[in-house]
Amino acid sequence: MNRFTITVYPEGKKIIASEGDVLLRVLKKAGFPIPASCGGQGTCGKCRVVVRGGVCHASPSPFLRKEEIGKGYCLACLVLVEGDMEVEIPPESRAAAGGPAVVVGHKAGGDKPDTAPGAPSAPESTPSPAPGVPAAGSRILFEEKPVVRDKLVLGKWEIEPRTRRVHLQMQPPSLDDHRSDIERLRADLVVRGFSGERMRCPLPVLKKLSKVLRSGSWQITVTLIELPDGVEILDIQPGDQTQHHLGLAIDVGTTSVVVYLVDLLTGQVIDTAGSYNAQIRCGEDVISRIVYARTHEGLAELQQLVVGTMNELIDQILQGTGLAARNIGCIVAAGNTTMIHLLLGLDPRYIREEPYIPTVSSVPPVKAAEIGLKVNEHAYLYCLPAIASFVGGDITAGILTTGMHKEPPLTIFIDIGTNGEIVLGNADWLVTASCSAGPAFEGGEVLHGMRAASGAIESVAIDRETLEPRISVIGQAAPAGICGSGIIDALAEMLLTGLLDRKGKICRDIAHPRLREGEYGFEYVLVFAKDSAIQKDIVITEIDINNILRAKGAVYAGCSTLLKQMSLGVEDIERFLIAGGFGRYLNIHNAVVIGLLPDIPYEKFRYLGNSSVTGGHLALLSQRLWKEAEHIARSTTYLELSTSASFMDEYVSALFLPHTNISLFPRVELLLGERK
Numbered sequence: 001m002n003r004f005t006i007t008v009y010p011e012g013k014k015i016i017a018s019e020g021d022v023l024l025r026v027l028k029k030a031g032f033p034i035p036a037s038c039g040g041q042g043t044c045g046k047c048r049v050v051v052r053g054g055v056c057h058a059s060p061s062p063f064l065r066k067e068e069i070g071k072g073y074c075l076a077c078l079v080l081v082e083g084d085m086e087v088e089i090p091p092e093s094r095a096a097a098g099g100p101a102v103v104v105g106h107k108a109g110g111d112k113p114d115t116a117p118g119a120p121s122a123p124e125s126t127p128s129p130a131p132g133v134p135a136a137g138s139r140i141l142f143e144e145k146p147v148v149r150d151k152l153v154l155g156k157w158e159i160e161p162r163t164r165r166v167h168l169q170m171q172p173p174s175l176d177d178h179r180s181d182i183e184r185l186r187a188d189l190v191v192r193g194f195s196g197e198r199m200r201c202p203l204p205v206l207k208k209l210s211k212v213l214r215s216g217s218w219q220i221t222v223t224l225i226e227l228p229d230g231v232e233i234l235d236i237q238p239g240d241q242t243q244h245h246l247g248l249a250i251d252v253g254t255t256s257v258v259v260y261l262v263d264l265l266t267g268q269v270i271d272t273a274g275s276y277n278a279q280i281r282c283g284e285d286v287i288s289r290i291v292y293a294r295t296h297e298g299l300a301e302l303q304q305l306v307v308g309t310m311n312e313l314i315d316q317i318l319q320g321t322g323l324a325a326r327n328i329g330c331i332v333a334a335g336n337t338t339m340i341h342l343l344l345g346l347d348p349r350y351i352r353e354e355p356y357i358p359t360v361s362s363v364p365p366v367k368a369a370e371i372g373l374k375v376n377e378h379a380y381l382y383c384l385p386a387i388a389s390f391v392g393g394d395i396t397a398g399i400l401t402t403g404m405h406k407e408p409p410l411t412i413f414i415d416i417g418t419n420g421e422i423v424l425g426n427a428d429w430l431v432t433a434s435c436s437a438g439p440a441f442e443g444g445e446v447l448h449g450m451r452a453a454s455g456a457i458e459s460v461a462i463d464r465e466t467l468e469p470r471i472s473v474i475g476q477a478a479p480a481g482i483c484g485s486g487i488i489d490a491l492a493e494m495l496l497t498g499l500l501d502r503k504g505k506i507c508r509d510i511a512h513p514r515l516r517e518g519e520y521g522f523e524y525v526l527v528f529a530k531d532s533a534i535q536k537d538i539v540i541t542e543i544d545i546n547n548i549l550r551a552k553g554a555v556y557a558g559c560s561t562l563l564k565q566m567s568l569g570v571e572d573i574e575r576f577l578i579a580g581g582f583g584r585y586l587n588i589h590n591a592v593v594i595g596l597l598p599d600i601p602y603e604k605f606r607y608l609g610n611s612s613v614t615g616g617h618l619a620l621l622s623q624r625l626w627k628e629a630e631h632i633a634r635s636t637t638y639l640e641l642s643t644s645a646s647f648m649d650e651y652v653s654a655l656f657l658p659h660t661n662i663s664l665f666p667r668v669e670l671l672l673g674e675r676k
């Protein structure tokens, strides 16, 4: 097969490709950050490149204008390599790809701001609002008080991890004691309360047993794990190593991966780290990744990417703490069903196809080394059980974290991302559903959307008199795009200022330099090119607005469908708990204004933080809480919304701002009435 050289600018880096390779895959494999929300299917228009010269075949795309095509613009996913090429990755593609890291924590639980840095305040000319209605442009954000059940304080519950470390001072053999080394070890462990009949020692451990016993002068530390069918010896080390007993709790998210290093003796988090899931280069949502995994090579690549991300974070933590990987004896991972399949290298295709059946919901423990995790070679990986194909172990972990399954208040728990997973219930019952929100809240399907990285507009306020926007940008950098929280703010502010009607149409009757007919229809300019990092105007288009309406409509319809299924209304909700990174800077007032969240008293909303990794932390430390998680997964009723006529009715009704029936949003109705 012919091999060709591709020179990538502005770096001038040369990479090698084969004839017929897809340019997007070649660039991503070489480490270039290019967005591809659709997983390279040509349906998102994000992977824009400029072909300066060379030989290739580029399929046409409706996302490119004639003048752009004339300048060499192509979608990298639609370009086949046929010869040597020169390719430029433009600023807008680099900005939309975001930075490599989202969380780098040291000593978990550090202070976080209650408001986004530089969040805009209300204009001075804003009149005083009616009682219970926030001032126009004000930001009602969550207090950073996570709801965490069973805080990690000794006495609340017993710390009982699956792995145990036992220090033994053994008697050496003699001419009068001819027992083998393993018999001698087994006997000492039986004295310490372990069952000798159900104890096994893997061959790799057995191979080093004699040497370790003698190098440690018969004083050793044994690491054991309790499995359903008995006890297994994971490792043997000379001397007393009981003070180093570590485990990992990992959130395997679609967008990001977060790792907690945990002291299994005290239960405390030693250190944390997180970064974007490298699988993003193959698609930003689970459906695009399932499509990418259709081939054996694609599935293998996705597994390698997520395992690589986890290993990088583990190595980062270990280097920072000076601790050794061999002391990590157990891992608990929580993630949606697709992410767990990809982590384990399981074919996820049938999750996407009706009747939506996964290979496995409750994964048996597997050796971490089998999938390439760089910890103790005998350590086991446990994956929290999923409830259904689109309600995974991350939601099981969230329920465990909140304790809603054991408490009387009627609670809605929701994790908003590319999917919106919703749980409704209390100690008596739990019902759950998943609605496909798509990647819009994470910057996908929005012309200038991007993830919450440096340069992303995270909040927007529009002056009621001048109609000029005031923005807050992550990292105080020049704006390069807009992330989910900023998109919600922009829609709410445009609605409340009259720039947008309830159908999501931008007003044509207002003469203002920021309102215009653009390349993709009517639009509102947030940032002019001279002030942006991408040398282009950053705009909100009607197409963007329609995509957000569909996403928020799906989430609201999921909540209302579950409530109606149980003959309940929004007035019955006693707690509304929101998890996930997206919720951290969510302006709940603006989320209510656009109809993403129900119009209930703001004090009922609580932000949980990353309940997925918190639930994994709890399950790592307590076998009782692990069994509780298994019970949650078995006893929660799943409602398939795709076959529900009620859901479709609710969804169509929610495709307005805030809703077709505005009486469901009395505070928003009051604000719109005041505007008129």
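Just so we're aligned, residue 1 is where the sequence shown starts under the working numbering, counting upward by one. Cβ coordinates follow ideal geometry from the N, Cα and C atoms, glycine included.
- Annotation: the continuous beta strand (DSSP E) that includes Ala456 extends over Ala456 to Ile462.
- Counting the other CB atoms within 10 Å of its CB gives Arg514 a total of 16 or more, which places it among the buried residues.
- Looking at Leu562, Leu344, Pro35 and Gly253, the one whose alpha-carbon comes closest to that of Asn610 is Gly253.
- In the three-state DSSP reduction, Pro408 falls in the coil class, being neither helix nor strand.
- If you look at Ile182, you'll find it in the alpha helix (DSSP H) that goes Asp181 to Val191.
- With 16 or more other CB atoms across the displayed protein chains lying within 10 angstroms of its CB, Pro658 is buried.
- Excluding sequence positions up to five before and after Ala76, its CB lies within less than 7 Å of the CB of Leu23, Leu24, Leu27, Ile34, Cys47 and Val49, all in the same chain and listed in chain order.
- Gly569 has its alpha-carbon roughly 13 Å from the corresponding atom of Gly425.
- Boundaries for His57: no alpha helix (DSSP H) harbours it, while the beta strand (DSSP E) harbouring it runs Arg48 to Ala58, taken from the DSSP string.
- In this structure, DSSP gives Asp394 a helical state, which the three-state scheme calls helix.
- By the Cβ criterion, the stretch 400–419 is not in contact with the stretch 9–21, since fewer than three pairs of Cβ atoms, one from each stretch, lie closer than 8 Å.
- Judged by DSSP secondary structure, Lys564 falls within the alpha helix (DSSP H) whose first and last residues are Glu542 to Gln565.
- Burial is judged here by how many other beta carbons sit within 10 angstroms of a residue's own beta carbon; Val191 has fewer than 16 and is exposed.
- Residue pairing by DSSP places Ala388 opposite Val391 in a beta bridge.
- Within 10 angstroms of the beta-carbon of Ser663 lie fewer than 16 other beta-carbons, which makes it exposed.
- A residue is called buried once 16 or more other Cβ atoms fall within 10 Å of its Cβ, and Trp429, having fewer, is exposed.
- Boundaries of the alpha helix (DSSP H) harbouring Ile588: Ile588 to Val593, taken from the DSSP string.
- Under the DSSP assignment, Gly449 falls outside any beta strand (DSSP E); it carries neither an H nor an E label.
- Cβ-Cβ separation between Thr396 and Leu381: approximately 16 Å, too far for a contact (criterion under 8 Å).
- Secondary structure of Tyr602 (DSSP, three-state): helix.
- Residue pairing for Ala579: DSSP places it in a beta bridge opposite Asp415 and Gly609.
- A check of alpha carbon separations from Val166 across Leu189, Trp218 and Leu209 identifies Leu189 as the nearest.
- In this structure Arg198 is in contact with Gly230, their Cβ atoms being roughly 3 Å apart against a cut-off of 8 Å.
- Take the alpha-carbon of Arg162 and the one of His378: they are about 14 Å apart.
- Sequence-distant partners of Ala533 (beyond 5 residues in either direction) whose C-beta falls short of 8 Å from its own C-beta, in its chain, are Pro91, Ala95, Gly455, Ala477, Ala478, Pro479 and Ala480.
- For Gly54 and Leu299, the gap between their C-alpha atoms comes out near 31 Å.
- Bridge partners of Arg164 according to DSSP: Leu224.
- Taken in chain order, the whole beta strand (DSSP E) runs of length 3 or more contained in the stretch 198–255 are 219–227, 230–238 and 246–252.
- DSSP places Pro91 in the helix class (H, G or I) of the three-state scheme.
- In terms of CA proximity to Leu265, Ile159 leads the group Asp251, Val291, Arg667 and Ile159.
- Per DSSP, reduced to three states, the secondary structure at Asp572 is helical.
- A contact is defined here as three or more CB-CB pairs under 8 Å, and the stretch 597–613 meets this definition with respect to the stretch 253–263.
- Ranked by how close their Cα comes to the Cα of Trp218, the residues Leu224, Ile225 and Ser210 have Ser210 in first place.
- Here the stretch 330–342 lies against the stretch 391–406, with 3 or more beta-carbon pairs under 8 Å apart.
- CA-CA distance, Thr660 to Glu465, rounds to 28 Å.
- A Cβ-Cβ contact shorter than 8 Å links Arg470 with Ala461.
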